[in-house]
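Novice: The numbering of the sequence shown is my numbering, which starts it at 448 and goes up by one.
Think of the CB as a built atom: it goes at the ideal place given N, C-alpha and C, for glycine as much as any other residue.
Take a look at the following structure, please.
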Amino acid sequence: MLLQMAQVALIPILALFVFVLVARRVLLQTRTSVVATVQLPPLVQSRLWWIGSTLRFIYDPSAFFQHNSEIYGSIYRFCLGGRYMTVVSDPAAIVKIHSLPPAVLIPFEYQQIHRICGLAERVRFISDVFHNRIIPISASLLAKHRMSPISTAFSTHLLACFDSLRVPQHATVQYQLPDLMGECMYRASTLAFFGPSFPADTWADFAALDEDMSFLLRGIPLLDIRAKRARERICRAMQAYIRDTWQEDGDGYLAGTSEAMSAMLLEALGSGMTEAESARLMVSVLWGMNGSMIQVTQWCLAYIVADKALLEHVSDTVRLAVERHFADISCLPAADPRYLDQPDFAILQSIVDEVLRLSTLTTAFREVVESFEITGYDGRPYIVPKGDLVALDVRSIHINPVFFTEPHVFKADRFLSTEGQERSYGRRKLIPWGGGKHMCKGRHFAEWAVKTFLIMFLCSFDVETSSHPTSPASLSRTGTSILRLDCSCPMNLRRRVSCTQH
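Structural data, given as structure tokens:
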């Protein structure tokens, strides 16, 4: 009887034991199945051990990314000098990556400041100061509702530059596009941010630095020599400028300069950086706020003047808008920067967006410190392992026919509704300024400055182009964040008496 009772008592224990074994087996099978379905992205094939695809990537990153996205899809990996880089060109995956915290992703040295400004020591410390203490200052002072002091100064100096050009009212003068607008924008920008004491003769060195910056960033020997020499001359000029204009009153400030530049330099010096290090860091700021802005403006104007019908349409639209909202173009500098968001100027925003779509290059690189999972637009999940580098390939999104019809064709009204108002077509697919905490802090000023240049230019001059204008072309291998324009775009200019003349 006792034996029978013991056997009966063992039945639930044995049943529980069997249940645990079965449940464990099922759980293990489920986990194994999940792991099996989440794998590494496809690997770009290469016969070069360790080197992998490094040479092809360095030679022309834009073409390399575009070629591989067509073969391997929206997420893939390639070997880069003994490391691996995962490339992502899926909009939803990029949005997720932008939301990841620093515990998962951190900025990669490729886009750090040491190559731009020639720092050799304390690079990590200075980079941390730049990203965590100085960039937030620019983000605050260049917000749309706070950038009026800068926008007023910039547009005032830009209009003065146009007024100083030797262009008569009753005859035409020919200008090459880069010569016309590059120096005008650079002078207006440096005067607005750095004040009148900043040496204006740095333009030639800045142009050389910007033109060869891609060689400098990629560390290509010999080809980066001109950029290095130009950079050193600008650094010396910047240090002399800081030494001559710095005032010790209170916490210290730069005399005659903008609040933004004084605050950034004060933060740099207050963090323990030397005068020489601070000067080099300000060269990084100088290039960051001018390089892409000038290139985007050149592209906008090149596309406009290459199409006679578009030139007439944009000119008429802009001039009517200025006549409606301002007494004269000279009143524009005093206007709130947000005024250019009015529907009457929507065509300009559409042109800027379209240029950014066509010309923005892949510049967002991160380093993975904790593995994470992403999914491409084919629905397949992938693991991005710790130690990988990550490239956010926005260009492959911008020229993907899945997201944009006729993606290689410039359409000035692509981002306009049928009523001519600005619309949000493809906003989740248009990612020129980055995202999350890495969103470009100067984007509002840059877009406003490009539109302001176009307004002032078209209101100041009548433009005559050749009877057979050429479509703008690019030099992708020499671009950094924006494709470089390979077109001189000669224009014959005649000065207008007023913006509203007919």
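#1: With distances taken between CB atoms, is the gap from Phe511 to Ser843 smaller than 8 Å?
#2: Trp497: buried (16+ other C-beta within 10 angstroms of its C-beta) or exposed?
#3: Find the nearest neighbour of Asp933 within the set Glu817, Tyr829, Leu624, Ala838, judged by alpha-carbon distance.
#4: Quick check: the region 771–783 against the region 487–503, are there 3 or more CB pairs under 8 Å?
#5: If you drop the 5 nearest sequence neighbours on each side, which residues of the same chain put their C-beta closer than 7 Å to that of Ile929?
#6: Look up Trp693 in the DSSP assignment and give the residues it is bridged to.
#7: On the DSSP bridge list, what partners appear for Cys526?
#8: Do Leu566 and His604 have their C-beta atoms closer together than 8 Å?
#9: Which runs of the beta strand (DSSP E) spanning at least 3 residues fall entirely within the region 781–863, listed in chain order?
#10: Using the C-alpha atoms, what's the distance from Val910 back to Asn939?
#11: With 16 other CB atoms within 10 Å as the buried threshold, where does Val944 fall?
#12: Which one or two residues does DSSP pair with Val620 in a beta bridge?
#13: Any chance the region 649–666 sits against the region 750–768, with 3 or more Cβ pairs inside 8 Å?
#14: What is the rounded straight-line gap between the Cα of Ile902 and the Cα of Leu795?
#15: Please identify the residue among Ala749, Leu905, Pro937, Ser918 whose C-alpha is closest to the C-alpha of Phe609.
#16: Between the alpha carbons of Pro583 and Val576, how many angstroms are there, rounded?
#17: How big is the Cα-Cα spacing for Asp671 and Val816?
#18: Let's see if you can read the secondary structure: which residues bound the beta strand (DSSP E) around Leu989?
#19: I need the straight-line Cα distance from Pro937 to Val620, nearest angstrom please.
#20: Where do the N-terminal and C-terminal ends of the alpha helix (DSSP H) with Asp610 fall, by residue?
#21: Go through its chain and collect everything with a Cβ distance to Ser480's Cβ below 7 Å, but skip five positions before and after it.
#22: Does the separation of the CB atoms of Leu552 and Arg524 fall below 8 Å?
#23: Looking only at C-alpha atoms, which of Ile798, Pro784, Asp788, Val732 sits nearest to Leu758?
#24: Give me the DSSP bridge partner(s) of Gln486.
#25: Cα separation between Glu853 and Glu714?
Specialist: The short version:
#1: For the purposes of this step, residue 511 is taken as the residue at position 64 of the sequence shown. For the purposes of this step, residue 843 is taken as the residue at position 396 of the sequence shown. Not a contact, by the Cβ cut-off of 8 Å.
#2: Working through the sequence shown from its first residue, we reach residue 497 at position 50. Exposed, since its Cβ has fewer than 16 Cβ neighbours within 10 Å.
#3: Locating residue 933 in the sequence shown gives position 486, counting from the first residue. Closest in C-alpha terms to Asp933, from the list Glu817, Tyr829, Leu624, Ala838, comes Leu624.
#4: Counting Cβ pairs under 8 Å, fewer than three are found: no touch.
#5: The residue labelled residue 929 in the question sits at position 482 within the sequence shown. Answer for Ile929: Ser739, Gln742, Val743, Ser806, Thr807, Leu808, listed in chain order.
#6: As a first step, residue 693 must be located in the sequence shown, where it is residue number 246. Per DSSP, Leu701.
#7: Within the sequence shown, numbered from 1, the residue matching residue 526 stands at position 79. Looking at the DSSP assignment, Cys526 forms a beta bridge with Tyr531.
#8: Position 119 of the sequence shown holds residue 566. Position 157 of the sequence shown holds residue 604. No, these two residues do not count as a Cβ contact at 8 Å.
#9: If we require 3 residues or more, the beta strand (DSSP E) runs fully inside the region 781–863 come out as 811–815, 819–822, 828–831, 836–839.
#10: If you number the sequence shown from 1, residue 939 lands on position 492. If you number the sequence shown from 1, residue 910 lands on position 463. Cα-Cα distance, rounded: 6 Å.
#11: Position 497 of the sequence shown holds residue 944. So Val944 ends up on the exposed side.
#12: As a position in the sequence shown, residue 620 is number 173, starting the count at 1. Answer by DSSP bridge pairing, in chain order: Leu940.
#13: The region 649–666 and the region 750–768 do not touch, with fewer than 3 CB-CB distances between them shorter than 8 Å.
#14: Numbered from its first residue, the sequence shown carries residue 902 at position 455. Numbered from its first residue, the sequence shown carries residue 795 at position 348. Each residue's Cα considered, the two are about 9 Å apart.
#15: Position 162 of the sequence shown holds residue 609. Comparing C-alpha distances from Phe609 to each of Ala749, Leu905, Pro937, Ser918 shows the shortest one belongs to Leu905.
#16: Indexing the sequence shown from 1 puts residue 583 at position 136. Indexing the sequence shown from 1 puts residue 576 at position 129. Each residue's Cα considered, the two are about 10 Å apart.
#17: Counting from 1 along the sequence shown, the entry for residue 671 is found at position 224. Counting from 1 along the sequence shown, the entry for residue 816 is found at position 369. Counting only the Cα atoms, Val816 lies some 31 Å from Asp671.
#18: Residue numbering for the chain in the displayed model covers 448 to 949; residue 989 lies beyond these limits and cannot be assessed.
#19: Here the question's residue 937 lines up with position 490 in the sequence shown. Here the question's residue 620 lines up with position 173 in the sequence shown. Between the alpha carbons of Pro937 and Val620 lies a gap of roughly 10 Å.
#20: Your numbering for residue 610 matches position 163 in the sequence shown. According to the DSSP assignment, Asp610 belongs to the alpha helix (DSSP H) that extends over 595–611.
#21: For the purposes of this step, residue 480 is identified with residue 33 of the sequence shown, where counting begins at 1. With a pLDDT of 39 at Ser480, under the threshold of 50, the modelled position of this residue cannot be trusted; read the value that follows with caution. Taking Ser480 as the centre and dropping the five residues before and after it, the same chain places no C-beta closer than 7 Å to its C-beta.
#22: Position 105 of the sequence shown, counted from the start, is the residue given in the question as residue 552. Position 77 of the sequence shown, counted from the start, is the residue given in the question as residue 524. Against a cut-off of 8 Å, the Cβ pair of Arg524 and Leu552 comes out as no contact.
#23: As a working mapping, residue 758 is identified with position 311 in the sequence shown. The candidate whose alpha carbon is nearest that of Leu758 is Ile798.
#24: Here residue 486 corresponds to residue number 39 of the sequence shown, with the count starting at 1. Bridge partners of Gln486: Tyr829.
#25: Taking the first residue of the sequence shown as position 1, residue 853 is located at position 406. Taking the first residue of the sequence shown as position 1, residue 714 is located at position 267. About 47 Å.
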